[in-house]
Each structure stands twice: as structure tokens, then as C-alpha cells.
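**Student:** Residue numbering for the sequence shown is 891 to 1143, as defined by the numbering used here.
In this text, a Cβ means the ideal position worked out from N, Cα and C, and glycines have one as well.
Note that this is a predicted model, so its numbers are computed, not measured.
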Amino acid sequence: MAEITLPVENILRGIGIELPASVHDRLPASTSSHIEQFLQEPTHSLAADCLFERFAGKIIFERTAPKQGRFWQRQPGGYFEPLDSMLDLASKYLDTAVDEAFEKLKAEAEGATISALFTKAGIARRKARTRDFINGALEFFAAKVLVPNLSARWNEAQECLPCTDGVIDFTGEEIIARPPRDNEYFKDPLPVKTADILREDIPASFLLFLDEVFPDPEVRRTALECVSLAVANKGSRTFYLWHGSGANGKNTL
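(1) Helix, strand or coil for Arg1111, going by three-state DSSP, please let me know.
(2) Can you tell me where the beta strand (DSSP E) holding Glu971 begins and where it ends?
(3) To the nearest angstrom, how far is the alpha carbon of Phe1023 from that of His934?
(4) Is it true that the segment 1077-1092 meets the segment 1038-1053, where meeting means three or more beta-carbon pairs spaced less than 8 Å apart?
(5) Tell me, to the nearest whole angstrom, how far the beta carbon of Leu1100 is from that of Arg1110; I am working on the premise that it is less than 8 Å.
(6) Nearest CA to the CA of Leu971: which residue from Glu993, Lys948, Ala987, Phe992?
(7) Compute the Euclidean distance between the alpha carbons of Ser975 and Gln927, then round it to the nearest angstrom.
(8) For Pro1081 and Gly1056, I'd like the C-alpha separation in whole angstroms.
(9) Using the rule of at least 16 other Cβ atoms within 10 Å of the residue's Cβ for burial, across every protein chain shown, is Arg1016 buried or exposed?
(10) Quick check on Ala1006: buried or exposed, where buried means 16 or more other Cβ atoms within 10 Å of its Cβ?
(11) How should Asp1106 be labelled, buried or exposed, when 16 other C-beta atoms within 10 angstroms of its C-beta is the threshold for buried?
(12) Please return the same chain residues whose Cβ sits closer than 8 Å to the Cβ of Val1037, not counting the five positions on each side in sequence.
(13) Output the residue ranges of the beta strand (DSSP E) runs that lie fully inside the segment 952-1026 and measure 3 residues or longer, sorted by chain position.
(14) Put Arg1071 into one of helix, strand or coil per three-state DSSP.
(15) Compute the minimum distance between the beta carbon of Asp1106 and the heavy atoms of the ligand MN, and state whether it is under 7 Å.
(16) On a CA-only basis, which of Asn1025, Phe1008, Pro956, Asp989 is nearest Leu977? Give me that one, please.
(17) Ends of the alpha helix (DSSP H) at Leu941?
(18) Roughly how many whole angstroms lie between the Cα atoms of Gly1102 and Arg944?
(19) Do you know offhand how far Pro1069's Cα is from Arg964's?
(20) Going by DSSP in three states, Ile1065 sits in which element: helix, strand or coil?
(21) Enumerate in chain order the residues of its own chain whose CB-to-CB distance from Thr1061 is below 6 Å, with the five nearest sequence positions on each side excluded.
(22) Exposed or buried, Thr1128, counting other C-beta atoms within 10 Å across all chains shown (16 or more means buried)?
(23) In terms of alpha-carbon separation, which member of Arg1071, Gly968, Asp985 lies closest to Pro932?
(24) Please state the DSSP three-state secondary structure of Asp1086.
(25) First and last residue of the beta strand (DSSP E) that includes Pro1052?
(26) Excluding sequence positions up to five away, which residues of its chain have a Cβ less than 7 Å from the Cβ of Val996?
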């Protein structure tokens, strides 16, 4: 996976993505003022403010080295995936947002004001389409959505497993499915839905397989305990398996 580099002269250079459909929706009221300010004065800082208003909580930044890092995007299930196209996403969003803000202001303007709006909107949209300008804006945006020490916080919630539609939580008396909490960061989810794990079906084929590998009941119980450490995300434990016959306990754990 390609990393992006700060300072932003080189950040996100040469990457692209299809813009999510939601970006083309009408702007939320809370974002309009920032977009209108950006239209009037298209600076890196104001561009970052617009991006933050739109993507706060949905996009985060992980610093992997003093001048390197990557953006991540929250998925519907609550986990994050690498966003290898922040440059294109930011450019298209700002361009669309400026155009919508211009149409709104134009409807309220008259005479010479409309001419001035055309000029300012043209400048703002040209900057929104300029790679160097967006790179500079992303430097400010990355600082706003930076999650400190994120590399050590991925999937750190013990006894919790991310799935495609939520998190399976083993911490209580009963296993539950829930959305990720604000201070939890999950990636690499299991390729199943939470309901698939919560079903009460007895995994007969799995138990039969364990019977074959661990014919001794006590050994089988220990093996299940070891497997449960991985299932519940409790950490790791090394154990050894011997097989075959002989006098040295090869059929035990």
C-alpha cells in the first residue's frame, strides 16, 4: 500500500478514486457558511475547514513516520479501510461545493455583485481543481483528523471482533453485537455479518474435526481454550501439537 508524504507538496500525489454519491448531495446547512467563506477567500485553511465539516468522523489520518501517513475512511459497518484517493475526493468535493454555493449566492445577488461572484467562484473552482492547492489544504486537514498513536490502537479492544456490519463483543455475560465506540478503531473485519456469529447453531463439523485431531477429552478442552483466545481477541498464546504414536506423549498436547 502506497503511503502519502508530508509536507504536502508531495502528499497523495498521483492517486485517484471515484467520488461517493453523497458528495453530490445538497450541502448541509452547517457547511454552507464555510463553503461561502472559501468561495470569497479560497485559502488552504478554509479549504481544510470545509473538508473537516464534511468528513469529520468519517475520515481519519494515521501518522506512520514523522513525515508520512495515510488516510482511512469509515465504512458502514464501523470499521476503517485505507483511503488511497483523498486528493481526488477533496478536489471533487470542494469543486462541487463551490458551485452549489455560487448558485445559491447568485440567486440572491444583483448587478455588479453577480459579476464579482462569477470571478470569485471561478478562482475558487480553479484552486479546487489544482493539485498543489489541494495538497496544501490536505496538510491542514490531516492535522485536524489525526488520531494520535493510531498504529497501536487498531483492533486493540480486547474480546471484540470487527465484522462487516458491526462488532461482536465478548466482554459481558452474553455475546452481543454493537457498533464501534467513538474511541475504538477497527480494521480488517471478519468477512461475515454479526448475525452469522450470534446464531446458536452447533458447529458440528468443527467439533468432529476437533475430535479427530484431539481424541483425548482433556487435550480437546485445552485446545478449545487456546482457540477461544484468538476468537475473543484476548491476545496470543503459543502451544505445540504432536501427532503420531509412541511412548513420548505424541498424542497429547
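**Tutor:** With the structure as the only source:
(1) Taking the sequence shown and counting its residues from 1, one reaches residue 1111 at position 221. Here Arg1111 sits in helix by DSSP.
(2) Start at 1 with the first residue of the sequence shown, and residue 971 comes out as number 81. Start and end: 970-973.
(3) Locating residue 1023 in the sequence shown gives position 133, where the first residue counts as 1. Locating residue 934 in the sequence shown gives position 44, where the first residue counts as 1. So the alpha carbons of these two residues sit roughly 7 Å apart.
(4) yes
(5) Within the sequence shown, the letter at position 210 stands for residue 1100. Within the sequence shown, the letter at position 220 stands for residue 1110. Right, the Cβ-Cβ distance comes to about 6 Å (below 8 Å), so this counts as a contact.
(6) Residue mapping note: residue 971 aligns to position 81 of the sequence shown, counting from 1. Checking the displayed sequence, the identity of residue 971 turns out to be Glu instead of Leu. The residue with the shortest Cα to Cα distance from Glu971 is Lys948.
(7) Mapped onto the sequence shown, residue 975 falls at position 85. Mapped onto the sequence shown, residue 927 falls at position 37. When rounded, the distance between both Cα atoms is 25 Å.
(8) One-based indexing of the sequence shown puts residue 1081 at position 191. One-based indexing of the sequence shown puts residue 1056 at position 166. The straight-line gap from Cα to Cα measures roughly 11 Å.
(9) Position 126 of the sequence shown, counting from 1, holds the residue named residue 1016. Arg1016 should be labelled exposed.
(10) In the sequence shown, the residue the question calls residue 1006 occupies position 116. Flag for Ala1006 reads exposed.
(11) On the sequence shown, position 216 is the one that residue 1106 refers to. Exposed: under 16 other Cβ atoms inside 10 Å.
(12) One-based indexing of the sequence shown puts residue 1037 at position 147. Closer than 8 Å at Cβ, skipping near neighbours: Ile950, Phe951, Glu952, Arg1043, Tyr1075.
(13) 958-964, 970-973
(14) Taking the sequence shown and counting its residues from 1, one reaches residue 1071 at position 181. Of the three classes helix, strand and coil, the one that applies to Arg1071 here is coil, per DSSP.
(15) This structure simply doesn't include the ligand MN, nor any ligand for that matter.
(16) Here the question's residue 977 lines up with position 87 in the sequence shown. Nearest C-alpha to Leu977: Asn1025.
(17) Stepping through the sequence shown from its first residue, residue 941 is reached at position 51. Looking at the DSSP string, the run of the alpha helix (DSSP H) that includes Leu941 is 934-945.
(18) In the sequence shown, counting from the first residue as 1, residue 1102 sits at position 212. In the sequence shown, counting from the first residue as 1, residue 944 sits at position 54. Rather than Gly, the amino acid found at residue 1102 in this sequence is Glu. So the alpha carbons of these two residues sit roughly 55 Å apart.
(19) The sequence position of residue 1069 within the sequence shown is 179, counting from 1. The sequence position of residue 964 within the sequence shown is 74, counting from 1. Taking the straight line joining both Cα atoms gives about 12 Å.
(20) Numbered from 1 along the sequence shown, position 175 holds the residue referred to as residue 1065. Correct three-state label for Ile1065: coil.
(21) Along the sequence shown, one-based indexing puts residue 1061 at 171. Cβ within range, chain order: Glu1049.
(22) Stepping through the sequence shown from its first residue, residue 1128 is reached at position 238. Exposed.
(23) Position 42 of the sequence shown, counting from 1, holds the residue named residue 932. Ranking Arg1071, Gly968, Asp985 by Cα distance to Pro932 puts Asp985 first.
(24) Here residue 1086 corresponds to residue number 196 of the sequence shown, with the count starting at 1. Residue state, collapsed to three classes: helix.
(25) Position 162 of the sequence shown, counting from 1, holds the residue named residue 1052. Per DSSP, Pro1052 belongs to the beta strand (DSSP E) from 1050-1053.
(26) Taking the sequence shown and counting its residues from 1, the one referred to as residue 996 is at position 106. The residue asked about is misnamed: residue 996 is Lys in this sequence, not Val. These residues qualify, in order along the chain: Ile1004, Leu1007.
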